[in-house]
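Under the numbering used here, the first residue of the sequence shown is numbered -17, with each subsequent residue one higher.
Even glycine gets a Cβ: it sits at the ideal position worked out from N, Cα and C.
No experiment lies behind these values; they were computed from the predicted model shown.
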Amino acid sequence: MSAINSSFVWVTPSLPQGPLGRTYLVEAKFHGHYHIIGTRRPFFVLLVFVSCAVGALLRTILKKSHIPITVILSLIGVLLGVVGYFVKEFRVLTEYVAEIDPILFLHMFTPVIIFTAAFEMDFYLFRKSFWQIFLLSVPGFLLNCTLIGLLTYKINKYNWNWHMSMLFGVIVSTTDPILSVASVKNIGLSKIIINLIKGESLFSDATSAIVFELYSDLVSDPHTEVAKEIIIKLVLKFFASTIFGFLSSRIVKYWLSHVFNDGLTEVILSFSMAYLIFFIAEWLGMSGVISLTVLGILLDSVSFSPGVDEFIFRFWAMLTFLAHVMIFVITGIVIAVKTFPYVTIRDLFYILTLYLSLNLIRGLVVLFLTPLLSRLGYGFNWRWGAVIVWSGMRATFTLNMALGISQSKDPGTAAMKNMILLHAGTASLMTLMINSTTVKKLVKTLGLCNITLPKRMAMYSAVQRIKEMEANTCSILKLDRFLADANWTLIEEAIKIDCPYKFDIEEASQIVRTLKCPDCNTDISDETTPQQIADILEEARLRLLTAQIASYQKQYHTGMLNQDAAQILIGAAESYVDIKGKFMNIHEVKTYWESKGLLVSFKKLLSDWVYNVKDEKSKPSRNKILKLCHHIVFMNEFEYTSYIITLLNLIPILIDFTHLDETYIKQLKICNYYFISLYILEASLKALAMGKAYIFHHWNQFELVIIIVGLIDIMIINIFKPLHPTYHMIKTIRVFRIIRLIRVTRLLKLVIPRLINLLEKQINKQLNVRYDIAKGYVQGEEDTKYLIEQISCHETISKEINKIMEKNKQDGMKELGLMQRDNPDIVTAVKTKQVVQTVLNAATETLKVLISSGIVDKNEEAKLQKMILQKKTNLGTLPSTIAPPTAEELLHSISWLENEKKQIEFIQKRARILCYDYGDIICEEHEMPEGIHLIISGMTKDCSYKMCTKLPNVYVMDVPSYKKCDIYDGTMDDVILVHGSVQDCQIQQPYFAPCILPKTCHEVLGTAPVTKLLIVQTTTTMKRKSTSRCSNTCQYHSYGRRQATFGNAEETDGSSRHSPHSDSVQGETAMTSTEGAARMVYTPTAVSE
């Protein structure tokens, strides 16, 4: 690093000496006579920031161009190197850059590239396609570099030997994990292929680094223990690096879990740990690439605090861009400085030949591995193989290893080393110039990113929704007193948005409805093919999974899901993306927590071994001696004495394994007799105290085994003593001497109770996560069920998906009920934390409103925000189990009782507890209510058939105080303010209940303690009376239609939806108990008086 940070000095003429022969050094620091322009400046720093500025400029200018910025940056570096070759003053800088240390180059830029690529990978896709990635990156890479090395050795005219040719094959066979997918990741290509390309690049980088190091050492320093050294290095590079990366990820996750809502600290932590882990792994002889890859894959956006993930991605994207800028500028300068004197015309032929050979050999290797690849992971086909072959961009690792060869002190001429640098650099540029710019065309030609009709329909619907929002906004702004006289013709032209996909209405009309459009009187074909139905169903399934993931992320950001539950749900949803026709269900999600049930089994096993607890004490005998023994055995002092004896026995056992055993052989023998006698005495007292029950305890059986083994040990020593010692005798004595160490395990009896307590806490934590997963899953189903019609755009598909999701939701509710029945204390703890989190979220939103209104200044905001954050941090200290409230305690929590002591006592005197099993009918239709039912445990289901027929598309939405809520989002016909007050967030217009909110209002803010909105959803069968909009069936014939689909997919924090008939409407219902045993407080009707 010192070489890079040292100052660059311009060459100046020698200075005259003074009268005493002393040189005036002061004048050498400046140009000219005046001390104004200095000569000593760190011009390398200037080069760094000029390169970054040029990269930013090129990114701005070439934003819509297909020209790779890295190629231009590399050419700029080459140009600087060539200028330095001819300009003497500039040569000092270019030669200074050209001598950069390859190890420094590796440690500066590699961690950024590797961590960013690994961090962006999907863990669940990687796990399923691991063996495919392994085949491509290890056997495939080795075969690739061998073929290239062989070809280079046969046809090159540079007189390279076999070793140099093989090293060159290793150098040019590796690919860049970022640049390889940069051109294809945003064009609709499957995530499976993107993960295959990125995973193959990451692990081939690791393989290339390992092979390059091993082969270089083998060539430069051959010795007799080569095989042993290779085995040790392979173990360190592959296995130790993986373990180190896994342990590092656990440490980083643990650290991040204790950093709450501090984005700056989390960013610094991710940045510093990436470099530290890479450096430590390389320093210890492991592979920094593998360690960092494992770390990046095991971390994800949910590992960080809510809201920090986007900033993390942007930060690492910026670092990656800057790293590539510096890599290509520096390597361009290095190539120009080192290879310019050796370049000839015939090198152009070899450059072109090498480029063609790289792609041809890579294609042959992938073709050779295709039979195996097609039987692993997600399968494989020739089109995937073509994309993987053509997307292999050579960059960071290729340039770094070539730089290492050019500056190595190994045998070989400078021309040979520099030619390797030249061909490696030009191979990188050729793949970036040709492959990178044409891979998009290849993907589209192969049909791997075709936009299907269902996707185009979904995009068309989204565009129409945006246009409707624009029209509504313009309508309200035309009434604004300040903006009414604007040029609305120009505005309409400026805001016009076209659908980015080609959409043929004739094609779509065959799928949409089996009706005649009432608006344009167009006949819509009823010939919907099974393939069209399957395509729409699959597209709807994918979009529902996306909506579910968005719901889980939102729940995590609002604190309703903990980190582990969010990671499991998001990962489970992502794993369903590539399973065609498969919907996410709770039964398969359960496998994520059932796989962790080993702790329960281990705890049960340990509990069976522990007997010295009060519940397991046997009754004392009436015999005085036996009663005394019972009293002694079950004293704590007796147990502690047993532990002390075991500790003291450890001393002679350890001496037996030292050279002092021959000196104190007699004393050690006596000690052995003494301790065995004490163990026998202890066992005898326990047998007398416990009677027959003694032998049935596992721990007592274990102690008896120790005693028996000890007695056999004594017998063998005494039997062998008079005999002439043989090899087998000595070996037998040594074995029993080692077996004596088992006596130390008696101390586990002291540790096991504490270990059981730790296991209990961990099990409770897992049960917390389990309940969070089930609740988050159910909430996700509720959030997405209103999106079904909007996503599917087909009545048959909507009904099918509704049926599936309703069943999945009921299964999730059943799982919640079972967990509440089996672990009520844990469920109560989870609910308590979620209530606290919801209230604190509301406090945060209220604080934001106060700040935006100017009521609170920045200093006051900082103090209040700190207090709220501290409260959120304290959530982690709440106990994992909380006793569920009793019926009496719940009465104090009922809002309409207002904690009135007389009313609560009145209810307590007349109420009684009723218990219902699963499926029991609590209240049937046409029955007159006899009182009030208060649910104190379990769940019930309200089967309101009559009301569901009357009001199938109406629900009530709560808007918390100072919380924002989206309305009229294309899924609502009318929004009625039935209680409280709201404010239009756009024009600051207040509204008070009761009133119908205008359709130009799209976001409202609750301004009352309790606000309720009655939402009338858009339905597929309603005919609209308004002539300004087309009907639902004309969604592909009329440009200005409102898409007739379902309810809102997103709720504000803490908001909840209620069916009107279950919240405020009296109707004929049948209430049934759902999961487990529902317990209710039943109060006679007379209470209402």
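task = Mark T993 as exposed unless 16 or more other C-beta atoms lie within 10 angstroms of its C-beta, in which case mark it buried.
result = buried
key: Minimum C-alpha distance to N654 - residue among T766, K674 and I633   = I633
query = According to the neighbour-count rule (16 or more other Cβ atoms, all chains shown, within 10 Å of its Cβ), is Q1017 buried or exposed?
reply = Since pLDDT at Q1017 reaches only 33, below the 50 mark, its modelled position is unreliable, and no value is offered.
request  = Report the three-state DSSP secondary structure of F464 (helix, strand or coil).
outcome  = coil
Residues bridged to K987 [DSSP beta-bridge criterion] = The sequence given here places Leu at residue 987; Lys does not occur at that position. In DSSP, L987 forms a bridge with K946 and Q965.
task = Compute the Euclidean distance between the alpha carbons of D560 and L340, then round it to the nearest angstrom.
result = 32 Å
query = Which runs of the beta strand (DSSP E), 3 residues or longer, sit entirely within the stretch 196 to 266?
reply = none
query = Which stretch, first to last residue, makes up the beta strand (DSSP E) that contains A915?
reply = The residue asked about is misnamed: residue 915 is His in this sequence, not Ala. Its beta strand (DSSP E) spans residues G913 to S919.
message = Using DSSP's beta-bridge definition, name the partner residues of D940.
response = K994
ask   = From C481 to M441, what does the alpha carbon distance come to, in whole angstroms?
value = 7 Å
request  = Under 8 Å by Cβ, that's how I've got L414 and P50 pegged, so tell me the actual separation to the nearest angstrom.
outcome  = 5 Å
query = Grouping DSSP H, G and I as helix and E and B as strand, with all else coil, what is E922?
reply = Position check: residue 922 holds Thr in this sequence, whereas Glu was assumed. The answer is strand: DSSP assigns T922 an E or B state.
message = Taking its Cβ as the centre, do 16 or more other Cβ atoms sit within 10 Å of R463, making it buried, or is it exposed?
response = exposed
request  = Starting from the Cα of L351, find the closest Cα among K46, I699, L125 and M795 and give me that residue.
outcome  = L125
inquiry  = Using C-beta distances below 6 Å, list every residue in its chain close to A548, excluding the 5 sequence neighbours before and after it, in chain order.
reply    = V284, Y534 and Y538
request  = For R604, count neighbouring Cβ atoms within 10 angstroms of its own Cβ and tell me buried if that reaches 16, exposed if not.
outcome  = exposed
ask   = According to DSSP, is D956 helix, strand or coil?
value = strand
message = Using a Cβ-Cβ cutoff of less than 7 Å, which residues in the same chain neighbour H306 once the five nearest sequence positions on both sides are dropped?
response = T52
ask   = How do the stretch 742 to 752 and the stretch 514 to 528 stand: do at least 3 beta-carbon pairs fall below 8 Å, yes or no?
value = no
ask   = Of all the options L667, M954, I833 and D158, which has the alpha carbon lying nearest to the alpha carbon of A377?
value = D158
ask   = Using DSSP with H/G/I as helix, E/B as strand and the rest coil, what is F678?
value = helix
ask   = Who are the near neighbours of L846 in its chain, counting only those whose CB is closer than 8 Å to its CB and skipping five residues on each side?
value = L829 and V838
task = Measure the C-alpha to C-alpha separation of V316 and L832 and round it to an integer number of angstroms.
result = 58 Å
query = If we count Cβ pairs, one from each stretch, closer than 8 Å, do we get three or more for the stretch 401 to 417 versus the stretch 444 to 462?
reply = no
ask   = Does the beta-carbon distance from M375 to D329 come in below 9 Å?
value = no
request  = Return the CA-CA distance between T814 and R725, expressed in angstroms with no decimal places.
outcome  = 47 Å
ask   = If you count every other CB in all the chains shown that lies within 10 Å of the CB of Q819, and 16 or more means buried, which is it?
value = buried
ask   = Using the beta-carbon count (16 or more within 10 Å), is E887 buried or exposed?
value = exposed
task = Give the range of the beta strand (DSSP E) segment to which Y558 is assigned.
result = Neither: Y558 is in no beta strand (DSSP E) and is coded neither H nor E.
request  = Give me whichever residues DSSP pairs with Y973 in a beta bridge.
outcome  = V964
task = Compute the Euclidean distance between the alpha carbons of T76 and T92, then round it to the nearest angstrom.
result = 23 Å
task = Enumerate in chain order the residues of its own chain whose CB-to-CB distance from Y753 is below 6 Å, with the five nearest sequence positions on each side excluded.
result = M801, V809 and V812
CB of I889 within 9 Å of CB of L896, strictly = no
key: Own chain partners of F584 with C-beta closer than 7 Å, once the 5 adjacent residues on each side are dropped   = L741
inquiry  = Quick check: I250 and L178, are their CB atoms within less than 9 Å of each other?
reply    = no
task = Look up H646 in the DSSP assignment and say whether it is helix, strand or coil.
result = Strictly speaking, residue 646 in this sequence is Tyr, with His absent from that position. Coil, per DSSP.
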